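Participant: Numbering (the working numbering), first residue to last: 28 to 444.
Beta carbons: idealized from backbone N, C-alpha and C, even for Gly.
These numbers come from a predicted model, not from an experiment.
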Amino acid sequence: MLKQCEGSHAVAEAVALSRPEVICAYPISPQTHIVEGLGEMVKAGDIKNCEYINVESEFAAMSVAIGSSAAGARTYTATASQGLLFMVEAVYNASGLGLPIVMTVANRAIGAPINIWNDHSDSMSQRDCGWIQIFAETNQEAADLHIQAFKLAEELSLPVMVCMDGFILTHAYERVDIPTQEQVDKFLPPYSPRQVLDPAAPVSIGAMVGPEAFSEVRYLAHAKQMQALELIPKIASEFQEIFGRDSGGLVRPYMLEDAETVVIALGSVLGTIKDTIDEMRADGISIGVLGINSFRPFPVSAIRRALSHAKRIVVLEKSLAVGIGGIVATDVRMALDGLDKRIYTVVAGLGGRNITRSSLHRVFRMAMHDQLEALHFLDLEWSIVNKELDRERTTRRSGPIAENILRDLGQTKSNVG
């Protein structure tokens with residue numbers, strides 16, 4: 028059924044149709060509307076046999092999710108930004124225990140300074156935590172991926188993060204095709220857990236493991252992620268057969284057939300990039316884009332195949348590894364090891380800064396003429412940066428950088444809070 032709805036509400040409806048049995052809820056912007064919507068549905072009786080648990084923190088949310096999943100319940104929660112960081116210890120435990128929890132990460136910048144807007148800092152900070160990470164480009168895909176995530180998590184007995192851009196998707200109203208309960212039931216079977224805590228058959232989970240076996244345990248976690256590289260496209264194909272939409276998978280190529288320059292990105296920015304590619308194609312420029320849907324596990328072979336004919340790669344990423352540069356670009360370079368490709372990293376959109384087509388036109392053309400530095404910060408205000416660096420060199424001490432920059436911009440805490 029086609030509905031004009033907020034992205035958060037579309038995700039809430041998709042989760043509800045997946046028949047969760049426990050929902051652990053702690054609100055943090057910009058995911059709050061998802062758990063609010065689910066809470067309203069549970070209270071109204073629209074989600075049967077589901078316990079909605081208000082917890083006191085994000086750490087508690089993941090801890091409750093671990094307990095309920097270990098007890099054999101289909102479990103869901105959501106978080107963002109500092110909330111994800113607060114639950115990190117439990118996040119690692121969830122994957123280490125092989126529990127098929129599904130969690131929405133409404134991507135948002137990590138402070139300090141405080142910032143509530145979108146980038147990918149939060150989920151990227153947990154790229155090695157053992158969770159599968161899949162990224163949505165649109166609200167339709169965000170809704171579809173949650174239904175697929177439950178099936179993926181339960182077939183592998185691994186937790187899954189569905190990452191959607193905070194505010195850009197969560198709070199955007201657009202047309203979404205909400206499936207019927209019959210369609211979802213046909214695609215997603217009832218939860219049959221691989222391991223269940225049962226007082227009648229007591230077992231110990233989360234036991235301490237010494238050096239004699241820890242490497243083997245971690246390798247098996249890696250091996251299960253590698254299994255997901257085959258299962259993710261298989262589930263996407265099954266989804267398309269039932270729902271009639273091509274949604275999910277490992278990567279999403281666009282205009283790649285003859286592209287000499289290829290842009291790589293994740294999430295909602297792919298829409299703006301595709302519009303830019305269309306405009307450049309109209310001018311006769313050979314350029315394309317490859318969207319990465321599955322960031323963990325990282326689809327090395329799929330990326331290598333897709334980029335085999337490209338001469339240069341521009342990795343546009345909404346995160347920054349301070350002290351080195353690109354995060355996604357590092358993985359792309361590994362995937363293309365041994366191939367003669369020029370690879371550029373463009374850091375963009377940090378803290379919600381707009382990524383405009385005009386800026387993309389400029390940076391893509393610079394890359395095409397190999398005039399782009401290896402690490403480029405899109406639309407960075409160098410005058411402000413250099414002023415702060417000069418200030419620090421002069422004073423020989425660390426000052427309140429954020430406050431200095433806001434003052435230079437003529438802003439105050441009150442008008443940016």
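1. Is the segment 178-185 touching the segment 124-136 in the sense that three or more CB pairs, one from each, lie closer than 8 Å?
2. Using 8 Å as the threshold, is the C-beta distance between V290 and I330 below it?
3. By a C-beta neighbour count over all protein chains shown, 10 Å radius and 16 as the cutoff for buried, is N442 buried or exposed?
4. Using the rule of at least 16 other Cβ atoms within 10 Å of the residue's Cβ for burial, across every protein chain shown, is E400 buried or exposed?
5. Which whole-angstrom value describes the C-beta separation of I159 and Q58, a residue pair presumed to lie in contact below a C-beta threshold of 8 Å?
6. Please check the pair S295 and D146, which I expect to be a contact at CB under 8 Å, by giving their CB distance rounded to whole angstroms.
7. Across which residues does DSSP place V290 in a beta bridge pair?
8. Secondary structure at G157, three-state DSSP: helix, strand or coil?
9. Are V132 and D149 touching if we call contact CB-CB under 8 Å?
10. Secondary structure at P280, three-state DSSP: helix, strand or coil?
11. Inspect the beta-carbon positions of H403 and T372 and report whether they are closer than 8 Å.
12. Mapping DSSP to helix, strand and coil, what is K30?
13. Can you tell me the Cβ-Cβ gap for E419 and I432, rounded? I've got them flagged as a contact below 8 Å.
14. Between the segment 73-87 and the segment 44-53, do at least 3 Cβ pairs fall closer than 8 Å?
15. Quick one: give me the first and last residue of the alpha helix (DSSP H) that D171 is part of.
16. Tell me the DSSP secondary structure of S219 in three-state form.
17. State the DSSP-derived secondary structure class of S410, mapped to helix, strand or coil.
18. In angstroms with no decimal places, state the Cα-to-Cα distance between G353 and I370.
19. Find out if the Cβ-Cβ distance for the pair E105, M130 is shorter than 8 Å.
20. Rounding to the nearest angstrom, what Cα-Cα distance links H36 and I55 in this structure?
21. What residue from A163, I161 and H198 has the CA that sits closest to Q31's CA?
22. In its own chain, which residues sit with a C-beta less than 7 Å from the C-beta of A333, not counting the 5 before and 5 after it?
23. In the DSSP assignment, what are the bridge partners of F162?
Facilitator: Walking through what the data contain:
1. yes
2. As a working mapping, residue 290 is identified with position 263 in the sequence shown. As a working mapping, residue 330 is identified with position 303 in the sequence shown. No; because the gap between Cβ atoms is not below 8 Å, this pair is not in contact.
3. By one-based count along the sequence shown, residue 442 stands at place 415. Since pLDDT at N442 reaches only 47, below the 50 mark, its modelled position is unreliable, and the value read off the structure follows with that caveat. By the neighbour-count rule (16 or more Cβ atoms within 10 Å), N442 is not buried but exposed.
4. Here residue 400 refers to the residue found at position 373 of the sequence shown. Counting Cβ neighbours within 10 Å, E400 comes out exposed, since fewer than 16 surround it.
5. Counting from one through the sequence shown, the residue named residue 159 turns up at place 132. Counting from one through the sequence shown, the residue named residue 58 turns up at place 31. So it is not a contact: roughly 18 Å between Cβ atoms.
6. As a working mapping, residue 295 is identified with position 268 in the sequence shown. As a working mapping, residue 146 is identified with position 119 in the sequence shown. Actually they do not touch by this definition, with Cβ atoms about 11 Å apart.
7. Numbered from 1 along the sequence shown, position 263 holds the residue referred to as residue 290. Paired residues: V316 and V341.
8. For this step, residue 157 is matched to residue 130 along the sequence shown. If DSSP states are grouped into helix, strand and coil, G157 belongs with coil.
9. Your numbering for residue 132 matches position 105 in the sequence shown. Your numbering for residue 149 matches position 122 in the sequence shown. Contact flag set, yes.
10. For this step, residue 280 is matched to residue 253 along the sequence shown. In the structure shown, P280 sits in a strand (DSSP, three-state: E or B).
11. What you label residue 403 is simply residue 376 of the sequence shown in a count that begins at 1. What you label residue 372 is simply residue 345 of the sequence shown in a count that begins at 1. Their beta carbons are under 8 Å apart, which means H403 touches T372 by this criterion.
12. Start at 1 with the first residue of the sequence shown, and residue 30 comes out as number 3. Here K30 sits in strand by DSSP.
13. To locate residue 419, count along the sequence shown from 1; it is residue 392. To locate residue 432, count along the sequence shown from 1; it is residue 405. About 12 Å; that fails the 8 Å criterion.
14. yes
15. Stepping through the sequence shown from its first residue, residue 171 is reached at position 144. From DSSP, the alpha helix (DSSP H) with D171 extends over N166 to L183.
16. Taking the first residue of the sequence shown as 1, we reach residue 219 at position 192. It is coil, neither helix nor strand.
17. Residue mapping note: residue 410 aligns to position 383 of the sequence shown, counting from 1. Correct three-state label for S410: helix.
18. Walking along the sequence shown from the start, residue 353 turns up at place 326. Walking along the sequence shown from the start, residue 370 turns up at place 343. Roughly 11 Å separates the two Cα atoms.
19. Sequence index remark: in the sequence shown, residue 105 carries index 78 (1-based). Sequence index remark: in the sequence shown, residue 130 carries index 103 (1-based). Note that residue 105 is Ala in the sequence shown, not Glu. In this structure, M130 lies closer than 8 Å to A105 by Cβ.
20. Indexing the sequence shown from 1 puts residue 36 at position 9. Indexing the sequence shown from 1 puts residue 55 at position 28. Answer to the nearest angstrom: the Cα atoms are 15 Å apart.
21. Position 4 of the sequence shown holds residue 31. Measuring from the Cα of Q31, the nearest candidate turns out to be H198.
22. Residue mapping note: residue 333 aligns to position 306 of the sequence shown, counting from 1. Around A333: V278, P280, L283 and L317.
23. Stepping through the sequence shown from its first residue, residue 162 is reached at position 135. BP columns for F162 point to C190.
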